[in-house]
Amino acid sequence: RWIKFEEKVEDGGERWSAPHVPALPLHSLFQLRTCLQKGTLLLDLDATSFKEIIDKALSGQSEEAELQPALRERLAALLLLQPQHQPTKSLLQLLAELGLSPCHGRNPADPPGILPLPPARGRKAKGRCEPRTQVSKTPLKEQLRNRFKKKVPPGTEAAHVAVGEVEFLEKPFAAFIRLRRGVSLGSLAEVSLPSRFLFILLGPPEVKAYYEVGRAMATLLTDELFQRVAWQAEHREDLITGIEAFLDELIVLPPGKWDPSTRIPPPSHLPSPRRRTAVDPLDQQPHGNGDMTAAGDRASPGHPCHGEELERTGRLFGGLMRDIRRKVPWYASDFSDALHPQCLSAVLYIYLATVTNAITFGGMLGDATANMQGVLESFLGTAFAGFIFCLFSGQPLTILSSTGPVLVFERLLFSFSQDHGLDYLEFRLWIGLWVAFFGVVLVATEASHLVRYFTRFTEEGFCALISLIFIYDSLKKMLSLADAFPINWHYRLDNVTSYSCACNLSSLGRQVRCQGGFKLFMCDPSSLPTLSLQPPAILAGLSRSQCLDQGGHLLGTSCQYVPDVTLISFLLFGGTSLFCFALRRFRSSRYFPVEVRKLVSDFAVILAILASCAVDAVLGLETPKLLVPSELKPTNPSRAWIVFPFGVNPWWVCLVSAVPAILVTILIFMDQQITAVILNRKEYKLQKGAGFHLDLLCVALLMAVTSVLGLPWYVSATVISLAHMESLRRESATSAPGEHPKFLGIREQRLTGLAVFILMGVSVFMAPVLEHIPMPVLYGVFLHMGATALNSLQFTERVRLLLMPAKHQPDLPYLRHVPLRRVHLFTIIQLLCLALLWVLKSTVAAIIFPVMV
């Protein structure tokens, strides 16, 4: 049988083989061409049943090839017999039928029989015990219940090929039939599908090539270009021309260098019919003298689209109005398209990533600004800004977050304010207002059209840097656990007697509650002055919490040692990341039905987090947990929720603030637009268009609002946004055996982003639940996000080429047209620039790093 690739019934007749590329004898194609030249040809036959088709095919022969009436009757009776199909059965069905039928299977010595083929399918008839009946006019129950139909794309029609040896014929009988419209032919096909094409070849036993001719016909009918010919053919010569075109593309393997019994596995990518009919533009390029960037962009659909989104209109706010007009018709579908289980997985995945990111940046902001902005402000700001952006932006799949350059600027601004006696939040308010003003000016003048000059070099450098930051920060956080939960590297078994920890109560005249055995007693107050001088063993009965409650402190070499916490934290960290990678790839595995694989792949990150949390709960160790604010009050009690513009600062601060605001505007513009270009690349097959001007306006206005509220500033987060899009990938629901699911695009909608930021807002009330999630698990998710984004870059692929000998390098399109030394030179320059950006990121000069990109 064929859909895209050939499948055969294995010896024993109980299972189908793995799909493989059909290998045809060249002579079988020549014989097929002869059959079409001399046999019966019926195009646009108007028939409604299989019996009517057979009668017209047998009566439509030429005079010199016309069969005798008796032969026609015998041939019609043979063709109308019910074919024996090889149904695909589940494991339970096989177990239920095991041993029930002692007379099943196919005798290898049986001669070939009639070969009916649903959607271009063919195999030998199996011997059965029961007598064979005629083809039913209505589909059988087995056809209607056949699970194989789920693999057939909607709108598919069947083609039937019947070939075999018949003793009562003296010369071959061949017929090719095309029906005027697709007709259900009852129980002829394995699955209930309308039929369009039939090919019949029967002849005397002396000729042994019928089976291979039938395979050749089935292979032709699965070829997309020949299908067009078969659909549109008006004369016999049209079909012959289609076979000639197929022969022109045929590639012959030398018989002495290849075993014909070897089954060629299906390739991961097939050439498109457009490339087969047109001259390949890549082959027109002179080999060895290409341009690296141009070749990479030709070979990959990922180069940014220079469509009408970035064309200048020459009018104030012209680009903004065009974005609004483009997005308004899609606004209702932005909510209805989210009604899919995959969106629930994306919400939970991105929510946990956003919570972790907000806590991380909130903690660093608190350290840099004396808690003028802390974790609570980070939570509220992320929820507010993200919700508004997802509701009104042009690309709602973008996730807003605090970024490293903004954090560096906040640290420098706070230090400057402290050194010059200025109110930090008020100074910051004026900078935010100026940034909002400059952002509106950029939107009005359509400055976003400048992003058309961003190249692959710029995009990959920026995305690689952000991905490496995620990987680095996750590893750095894990290594910092060794400080909070130190590992006893110098442990020796001989020194076990020297490890101790005791409670030291140095205050006098206090009552001390001591614990001895299972009863509590009060120590004599007269013993308190000498209590601290007594051996530590006297106070060993106090627990750690009791000692600290009594105002004491711990003394000893083992007081800070917590066994196994660091080890289990690293195991949770690595296990979560590996679980994420493995479950993501489970979709393409060979285990379980396709529905189960899709479900597991869609919820991969959530399942990994739940599994890691379950392991942590079972072990019961005190690993560091997620800390969520539980009260709605400013982190620093000295500040209010509203920042007033005219307070303690001099009046001229509002004017001077325009200078640093210019630098922040450049930072925000570059950070926002580079991320927008990456998210709107052609490879994601977005259908609803981009909104560069509208997105920039939303970010600018949010800068003003968050400045007034004293909340952090937000801009597009590259890695989290890419993870959001990857979690919403759409693939073909049906795929033929051996065919990889096709990437259809991204599930474009607003609801997942809105749900994520609503959950962020209510996270304050979900603290009792969230506090059970270990931080190493979330750091593992961070590592997965960074590694996934980094692995998706062509830059990473070219870095691998630096470490590969030329003979082991994969067959990549740009390697065919660009000298390898130029590829390596391009990659090395990117690596040097990436190293320079990393150095800038690690210093106070980090605020200019988007400009350096």
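Residue numbers for the sequence shown follow the working numbering, so the first one is 299 and each next one is one higher.
Glycine included, every Cβ here is placed at the ideal spot set by N, Cα and C.
Every value quoted in this text rests on a predicted model; they were computed, and no experiment measured them.
When DSSP labels each residue in this structure, what does Leu341 get in the three-state scheme? strand
Might you give, ordered along the chain, the residues of its own chain that have their beta carbon closer than 7 angstroms to the beta carbon of Phe466, omitting 5 neighbours on each side? Answer for Phe466: Leu369 and Arg372, listed in chain order.
On the three-state DSSP scale, how would you describe Ile785? coil
Which of helix, strand or coil does DSSP assign to Pro1072? strand
Ignore the nearest five residues each way along the sequence and tell me which others in Leu327's own chain have a CB closer than 6 angstroms to its CB. Ala514
Bridge partner(s) assigned by DSSP for Gln971: None; Gln971 has no bridge partner.
Any contact of the segment 714-729 with the segment 948-959, i.e. 3+ C-beta pairs under 8 angstroms? yes
When DSSP builds the beta bridges, which residues end up paired with Gly462? Leu500
For Gly1043, does the three-state DSSP call read helix, strand or coil? strand
Whole-angstrom C-beta distance between Thr680 and Gly1058, which should lie under 8 angstroms: In the sequence under discussion, the amino acid at residue 1058 is Met, which differs from the Gly named in the question. Their Cβ separation, rounded to whole angstroms, is 5 angstroms, which keeps Met1058 and Thr680 in contact under 8 angstroms.
Return the CA-CA distance between Val997 and Trp314, expressed in angstroms with no decimal places. 57 angstroms
Can you tell me the Cα-Cα spacing of Val673 and Ile657, whole angstroms? 6 angstroms
Please look up how many angstroms separate the CB atoms of Ser1014 and Thr973, rounded, as I've assumed it's under 8 angstroms. That belief holds up - the Cβ atoms of Ser1014 and Thr973 are roughly 4 angstroms apart, short of 8 angstroms.
What do you get for Tyr508, buried or exposed, if any count of 16 or more other CB atoms within 10 angstroms of its CB means buried? buried
Could you check where the beta strand (DSSP E) with Cys801 kicks off and where it finishes? Per DSSP, Cys801 belongs to the beta strand (DSSP E) from Ala800 to Asn802.
So Ile562 and Val319 are in contact, right, with Cβ under 8 angstroms, and what is the actual spacing, rounded? 4 angstroms
With DSSP run on the structure shown, which of helix, strand or coil describes Gly612? coil
By the three-class DSSP mapping on this structure, what secondary structure does Val941 have? coil
CA-CA distance, Phe901 and Pro1039? 18 angstroms
Hey, would you say the C-beta of Arg513 is under 7 angstroms away from at least one heavy atom of the ligand ZN? Within the structure as shown, the ligand ZN is missing, as the structure has no ligands at all.
Between the segment 689-701 and the segment 941-956, can you find at least three pairs of beta-carbon atoms closer than 8 angstroms? no
Tell me the DSSP secondary structure of His718 in three-state form. Note: His718 maps to coil in three-state DSSP.
I need the straight-line Cα distance from Ile769 to Phe868, nearest angstrom please. 14 angstroms
Range covered by the beta strand (DSSP E) that runs through His286: Lying before the first or after the last residue shown, residue 286 is absent from the chain, which here runs from 299 to 1151.
Let me know if Gly501 comes out buried or exposed under the rule of 16 or more other beta-carbons within 10 Å of its beta-carbon. Its Cβ being crowded by 16 or more others within 10 Å, Gly501 is buried.
Do Thr517 and Leu491 have their C-beta atoms closer together than 8 angstroms? no
Gly684 vs Phe990 beta-carbon contact at 8 angstroms: no
First through last residue of the beta strand (DSSP E) which encompasses Ala998: Where Ala998 is concerned, there is no enclosing beta strand (DSSP E), although the alpha helix (DSSP H) it sits in stretches over Phe990 to Leu1007.
Touch check for the segment 1088-1100 and the segment 747-766: three-plus C-beta pairs under 8 angstroms? Touching, per the Cβ criterion.
Give the list of continuous alpha helix (DSSP H) stretches no shorter than 4 residues that lie fully inside the segment 1083-1131. You should have 1092-1100 and 1111-1115.
Please go through the segment 617-701 and give each complete alpha helix (DSSP H) segment of 4 or more residues, from N-terminal end onward. 631-634, 639-666 and 673-690
Buried or exposed (CB count within 10 angstroms, at least 16 for buried), Gly660: Gly660 should be labelled buried.
In angstroms, rounded to a whole number, what distance separates the CA positions of Ser296 and Arg882? Outside the displayed span of the chain (299 to 1151) sits residue 296, for which this structure offers no information.
Quick check: what's the CA-CA separation for Ser772 versus Val1017? 13 angstroms
Just confirm the distance between the C-beta atoms of Val1075 and Cys878, as a whole number of angstroms; I'd bet it's less than 8 angstroms. That pair is no contact at about 10 angstroms.
DSSP puts Arg885 in a beta bridge; with which residues? In DSSP, Arg885 forms no bridge with anything.
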